[in-house]
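Novice:
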Amino acid sequence: MTTIIPERRPEWLRVRAPKGENYQQLKQLMRGQSLHTVCEEARCPNIGECWGHKTATFMILGRVCTRSCGFCAVETGRPMGLDWEEPKRVAEAVQEMGLRHAVVTSVNRDELKDGGAAVFASTIRWIRRLNPECKVEVLTPDFKGSADALRVVMDAKPDIFNHNVETIPRLYKRVRPQAVYLRSLQVLKMAKEMYPGTRTKSGFMLGLGETWDEILEVMHDMREHDIDILTIGQYLRPSFQHLPIQRYVPLEEFAELKAEGKKMGFRHVESGPFVRSSYHAHEQADGATKE
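full-length UniProt numbering numbers the first residue of the sequence shown as 1 and each following residue consecutively.
1. What is the rounded straight-line gap between the Cα of R267 and the Cα of G261?
2. Evaluate contact between the stretch 137-149 and the stretch 165-172, counting only Cβ atoms and requiring at least three cross-stretch pairs below 8 angstroms.
3. Taking the C-alpha atoms as reference points, what is the distance between A42 and R237?
4. Please classify G81 as buried or exposed, where buried requires at least 16 other C-beta atoms within 10 Å of its C-beta.
5. Cβ atoms of S68 and G115: under 8 angstroms apart, would you say?
6. Looking only at C-alpha atoms, which of Y195, A93, R78 and R109 sits nearest to L61?
7. For R125, collect the residues of the same chain with a Cβ closer than 6 angstroms to its Cβ; drop the 5 residues on either side in sequence, then sort them by chain order.
8. Could you check whether V165 and V218 sit closer than 8 angstroms to each other, using their CB atoms as the reference points?
9. May I ask which residues mark the beginning and end of the beta strand (DSSP E) holding I229?
10. Considering only the alpha carbon of each residue, which of I160, D221, S184 and S239 lies closest to R199?
11. For L185, report the span of its alpha helix (DSSP H) as first-last.
12. Helix, strand or coil: which one does DSSP assign to H163?
13. Does the separation of the CB atoms of residue 294 and R78 fall below 8 angstroms?
14. Using the C-alpha atoms, what's the distance from C72 back to G197?
15. Look up G115 in the DSSP assignment and say whether it is helix, strand or coil.
16. Starting from the C-beta of S184, find all residues in its chain whose C-beta is less than 7 angstroms away, skip the five residues before and the five after it, and write them out in chain order.
17. Please name the residue in Y248, E137 and D226 whose C-alpha comes closest to that of G265.
18. Taking the straight line between their C-alpha atoms, what separation do you get for M194 and Q234?
19. Could you give the distance in angstroms between the alpha-carbon of P158 and the alpha-carbon of L216?
20. Keeping to the same chain, check which residues put their C-beta closer than 8 angstroms to that of C134; ignore five residues upstream and five downstream.
21. Cα-Cα, which of V249, G207 and L243 is closest to G70?
22. Could you check how far apart the C-beta atoms of A118 and V152 are, in whole angstroms? I think they sit under 8 angstroms.
23. Rounded to the nearest angstrom, how far is the Cβ of T167 from that of L230, given a contact under 8 angstroms?
24. Return yes when the C-beta of R276 is under 7 angstroms from any heavy atom of the ligand MG, and no when it is not.
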């Protein structure tokens, strides 16, 4: 029988409601440019902090995903057609915000032959065109393992290529039913092989029923696939329609996993309850360069 813990969060998982002048300005900017952010669509707990510092993760290719992951708040269904003006609008928003590190992610678009890779590439190039000093990080889908689609993105030369494994292999059928653990790892390895100088990055959540040994095994798998940056965070249930939380992971365990990751050879490890792929992304990139 599965044990489901109470929904009441411990004190270290409380966040303030988002507010402030920068938050409101950024919200108006996104609506004015008809842009989406994963911060809003995935109900990220860090939205107040990040938007308060004028940082955001742009979500391209619409707001409807073709997959139905058990942890994710992004809408599932049949997406609309592609918006080829979106890459330029993202670049203009980056310019208006004065970003030096832009993060671009997307929904899954499995109905497209290239999974949306061409729009990713166009977005990278437009950001570079209007913001030549800005570093670009992409967090992509797995493109169903297509090397051709992946190469379209990599040929645009993102500074960091990120794709999350999200959880341990045993939980994939519940957590990521349309994904394949080894395929996700292979995509990361292919990205590194195509452009060895590109930093690769991946992450997973805790609190879904994984064991300590299973966590360490995933971390070892990631190092064997030459991943540079690791992010580890607490799963937080977006709604009662999503997977229940099995446990709240104590701060000490996150610290232990960070130490284990450093021993394994990751260039940078970000580990904590509020850590998400793009949380402190600029600092993660700097850490991976220096360490």
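For glycine and all other residues, C-beta sits at the position ideal for the given N, C-alpha and C.
Everything numeric in this text was worked out from a predicted model, so none of it was measured.
Specialist: Looking at the atomic coordinates:
1. Those two C-alpha atoms are separated by around 9 angstroms.
2. Result no; under three Cβ-Cβ pairs closer than 8 angstroms.
3. With a pLDDT of 46 at A42, under the threshold of 50, the modelled position of this residue cannot be trusted, and the question is left open.
4. So G81 counts as exposed.
5. No, the Cβ-Cβ distance between G115 and S68 is not below 8 angstroms.
6. Closest option to L61, Cα to Cα, is R109.
7. Hits under 6 angstroms: A156.
8. Taking 8 angstroms as the cut-off, the beta carbon of V218 is found closer than this to the beta carbon of V165.
9. Start and end: I229 to Q234.
10. Nearest C-alpha to R199: I160.
11. Element bounds for L185: Y181 to M194.
12. In the three-state reduction of the DSSP assignment, H163 falls in the coil class, being assigned neither a helical nor a strand state.
13. Outside the modelled stretch of the chain, which goes from 1 to 291, sits residue 294, for which no answer is possible.
14. Whole-angstrom Cα-Cα distance: 31 angstroms.
15. Three-state DSSP puts G115 in coil, outside helix and strand.
16. For S184, same chain residues with a beta-carbon under 7 angstroms away, outside a window of 5 residues either side, are D142, H163 and V165 in chain order.
17. Here the closest residue by C-alpha is D226.
18. The alpha-carbon atoms of M194 and Q234 are separated by roughly 32 angstroms.
19. Those two C-alpha atoms are separated by around 29 angstroms.
20. So the list reads V94, L99, R100, H101, A102, I127 and R128, once near-sequence residues are dropped.
21. Of V249, G207 and L243, the smallest CA-CA separation from G70 is found for L243.
22. Contact holds; Cβ gap of about 6 angstroms.
23. Contact doesn't hold; Cβ gap of about 14 angstroms is too wide.
24. This structure does not include the ligand MG; it has no bound ligands of any sort.
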